[in-house]
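To convert, count from 1 in the sequence shown and add 2; that's the working numbering.
Please read the structure below before turning to the comments.
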Amino acid sequence: MSTTIKDSTPSLFVHSPVLRALQRLVQNQTLWTAPLIIILFASLIRWAIALNPYSGYNSPPLFGDYEAQRHWMEITTHLPTLKWYRYDLQWWGLDYPPLTAYHSWLCGIIGSKINASWFALDSSRGIESPSSKLFMRSTVFVSEALVYIPAVYLYCQIVYSSNKQYLKKHMAAMLILTQPALIMIDHAHFQFNSVMLGFALLSIDCLLTRHYVLGSIFFCASLGFKQMALYYSPAIFAFLLGRCFSEKKGFVLFIKLGVTVIVTFAIMFSPWLRSLDDIQQALIRIFPVARGLYEDKVANVWCAINVVVKLKQILSVESTVRLSLLTTILAVLPTSIHLGISPSKRRFIYALINSSLAFFLFSFQVHEKSILLPLLPVSLLVLEEPVATTMFMNVAMFSMFPLLKREGLVVAYYITSIIWNWLVGGYGPNTSLTTRLGTLGVHVMFTIWHIAEVFIPPPSNLPDLYTVINVLMSCGIFTLLFGYYVYRQFTITTIVIEPKKSQ
Numbered sequence: 003m004s005t006t007i008k009d010s011t012p013s014l015f016v017h018s019p020v021l022r023a024l025q026r027l028v029q030n031q032t033l034w035t036a037p038l039i040i041i042l043f044a045s046l047i048r049w050a051i052a053l054n055p056y057s058g059y060n061s062p063p064l065f066g067d068y069e070a071q072r073h074w075m076e077i078t079t080h081l082p083t084l085k086w087y088r089y090d091l092q093w094w095g096l097d098y099p100p101l102t103a104y105h106s107w108l109c110g111i112i113g114s115k116i117n118a119s120w121f122a123l124d125s126s127r128g129i130e131s132p133s134s135k136l137f138m139r140s141t142v143f144v145s146e147a148l149v150y151i152p153a154v155y156l157y158c159q160i161v162y163s164s165n166k167q168y169l170k171k172h173m174a175a176m177l178i179l180t181q182p183a184l185i186m187i188d189h190a191h192f193q194f195n196s197v198m199l200g201f202a203l204l205s206i207d208c209l210l211t212r213h214y215v216l217g218s219i220f221f222c223a224s225l226g227f228k229q230m231a232l233y234y235s236p237a238i239f240a241f242l243l244g245r246c247f248s249e250k251k252g253f254v255l256f257i258k259l260g261v262t263v264i265v266t267f268a269i270m271f272s273p274w275l276r277s278l279d280d281i282q283q284a285l286i287r288i289f290p291v292a293r294g295l296y297e298d299k300v301a302n303v304w305c306a307i308n309v310v311v312k313l314k315q316i317l318s319v320e321s322t323v324r325l326s327l328l329t330t331i332l333a334v335l336p337t338s339i340h341l342g343i344s345p346s347k348r349r350f351i352y353a354l355i356n357s358s359l360a361f362f363l364f365s366f367q368v369h370e371k372s373i374l375l376p377l378l379p380v381s382l383l384v385l386e387e388p389v390a391t392t393m394f395m396n397v398a399m400f401s402m403f404p405l406l407k408r409e410g411l412v413v414a415y416y417i418t419s420i421i422w423n424w425l426v427g428g429y430g431p432n433t434s435l436t437t438r439l440g441t442l443g444v445h446v447m448f449t450i451w452h453i454a455e456v457f458i459p460p461p462s463n464l465p466d467l468y469t470v471i472n473v474l475m476s477c478g479i480f481t482l483l484f485g486y487y488v489y490r491q492f493t494i495t496t497i498v499i500e501p502k503k504s505q
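Below, the structure is given as structure tokens:
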């Protein structure tokens, strides 16, 4: 059995401790333990990070995202479904699609069986007892273990199914499961993005293996859990539409997909379909247009432009909605058309990156955490695009630093970033000088920013100076990476991601 990883840029992984560990398992004839070791290592990182503060930790009166998630478990277990999107909206009113509500209901039911006071209606607001926090952290861990981790391993099995790619399969799984951004947002900041991303990845797995109807169901589930999964929809739609034209029974497939989407959403939204007012209220909560173009500082084009042009002051909310919609469509359209015309599986992954990154850069009401959406397909190409993936990962973490710092997660930010870069292994002997200088320059800029942010206070009249500089730097690099991935989608010819045809 071969003990080297063979891919387009093998030199980058020569010094990876993951590669060395896998080679040692091969030599000891214990490679079968690799999945267990990888999952245990990834789980250890998650539980260690979960010991840190979370969004809203000890921060009355509204606390933060942790309280929002806990409160949704509270209201869904005590109130009828028709009140879920209406109850006391000033206190973290539910603003995610129904599948999040059903998930909250299930977690709340289980938690209430253990200790009813954790989710007592109204009186439990802001509860931060050690036992309730352990349960809440556990819900994230278990949810991820049930949806996201199996989806990652299934993807690695599909893409690296050859007997000669066994090391690739395990190394990709390790790097995807230890990517720091998702760990920090779900297990430190506190959210359930891994469920949405897990459903999206299960959809990708199904589409790569030509299980198109099942893939559509999983993608609807992803949308039904968090509306941000819309970032993937142009690529998903283009790929499936292209397949409808290329498959022998394409029209039948088109009908099946249409019926699947309608039925799946009808089931998820069924409690609110009884009246137009109920469904309208749910949609208003899910798509909060009234909040404006953006809220916090986020590394996308609109926030970066705000340094020079105050769009929120010049344009009405309706105008900014139209502006963001138009620019997002223009950014997404070329890659979606290209994928629809030539729906290969490798181009599909690049199109997912380009679609979600275009939404992040140009769409309405983007949050810092939304960078997790392009990060998923970027991570899937970690072995094929190691330099770009590593750069994207580091920029994504850097862009979220102001958010993580506000929540007391600076140490965890550094630790998770260092661990992931260490696992990648740094530069190999054949890495080009241009690549070395480019990545070194970016990391030097980040280092200078971090040092200045700690030791040089901003001017009193510019308290957000460092955050704005972070936005400009991150947005600039994301835009360059967007151009790179678009170029790769249009120029890639070798089909690497070609799993065995399903029976």
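Idealized CB from N, CA, C, for every residue including glycine.
On a predicted model such as this, the values are computed, not experimentally measured, just so you know.
Measure the alpha-carbon distance for I450 versus I47 and round it to whole angstroms.
28 Å
Looking at the structure shown, is T211 part of a helix, part of a strand, or coil, going by DSSP?
coil
Straight-line CA distance for Y157 to W49?
24 Å
Is there a C-beta anywhere in chain C that falls below 7 Å from the one on G478?
The question asks about chain C, but that chain is absent: this structure has only one protein chain.
Quick check on Y59: does DSSP put it in helix, strand or coil?
coil
Is the beta carbon of V303 sitting closer than 7 Å to the one on L232?
no
Do L21 and A174 come within 7 Å of each other at the CB atom, strictly closer than that value?
no
When you compare only the Cα positions, how much space is there between P273 and F227?
16 Å
Taking L317 as the reference, which of L295, A306, K299 and V310 has the closest Cα?
L295
Own chain partners of L209 with C-beta closer than 6 Å, once the 5 adjacent residues on each side are dropped
G217
Assign V456 to one of two classes, buried (16 or more other C-beta atoms within 10 Å of its C-beta) or exposed (fewer than that).
exposed
Using a Cβ-Cβ cut-off of 7 Å (strictly less than) and excluding sequence neighbours within five positions of H189, which residues of its own chain qualify?
R48, I51, A52 and V142
Roughly how many whole angstroms lie between the Cα atoms of D280 and T83?
10 Å
Same chain only: Cβ atoms within 6 Å of S106, ignoring 5 sequence neighbours per side
W74, M75 and T78
Using 8 Å as the threshold, is the segment 190 to 204 in touch with the segment 54 to 62, meaning 3 or more CB pairs across them?
yes
For I417 and K258, I'd like the C-alpha separation in whole angstroms.
47 Å
To the nearest whole angstrom, what separates the beta carbons of W422 and M395, a pair I think is in contact under 8 Å?
7 Å
Please name the residue in V144, F65, D97 and A183 whose C-alpha comes closest to that of S126.
F65
Between the alpha carbons of T102 and A284, how many angstroms are there, rounded?
13 Å
Anticipated Cβ contact below 8 Å, A353 with A237, distance rounded
4 Å
At which residues does the alpha helix (DSSP H) containing Y233 begin and terminate?
No alpha helix (DSSP H) contains Y233, which DSSP labels as neither H nor E.
Specify the secondary structure class of V456 as computed by DSSP and reduced to three states.
helix
Where L120 falls, given that 16 or more other Cβ within 10 Å makes a residue buried
For the sequence presented, residue 120 should be read as Trp rather than Leu. It is buried - the Cβ of W120 has at least 16 other Cβ atoms within 10 Å.
Taking the alpha helix (DSSP H) that H172 falls in, what are its first and last residues?
Y168 to L179
Pick helix, strand or coil for L382, following the three-state DSSP scheme.
helix
Would you please state the rounded distance, in angstroms, between the beta carbons of T329 and S357? I believe it to be under 8 Å.
Contact doesn't hold; Cβ gap of about 14 Å is too wide.
Cα-Cα separation between S419 and Y489, rounded to whole angstroms
28 Å
Assuming contact is defined by CB atoms lying nearer than 7 Å, are D97 and R287 in contact in what I supplied?
yes
Excluding the five sequence neighbours on either side, which residues of its own chain have a C-beta within less than 6 Å of the C-beta of F256, listed in chain order?
C246
So what does DSSP say about S125, is it helix, strand or coil?
coil
So C2 packs on K299, CB below 8 Å; how close in whole Å?
Nothing can be reported for residue 2: it is not among the residues displayed for the chain, which extend from 3 to 505.
Whose CA, out of V412, L483 and F220, lies closest to the CA of V197?
F220
Bounding residues of the alpha helix (DSSP H) (the contiguous stretch that carries V291):
Here V291 belongs to no alpha helix (DSSP H), and DSSP marks it neither H nor E.
I need the boundaries of the alpha helix (DSSP H) containing W422, first residue and last residue.
V412 to V426
Do you know offhand how far I178's Cα is from S381's?
6 Å
Does the distance from the CB of D207 to the CB of I160 come in under 7 Å?
yes
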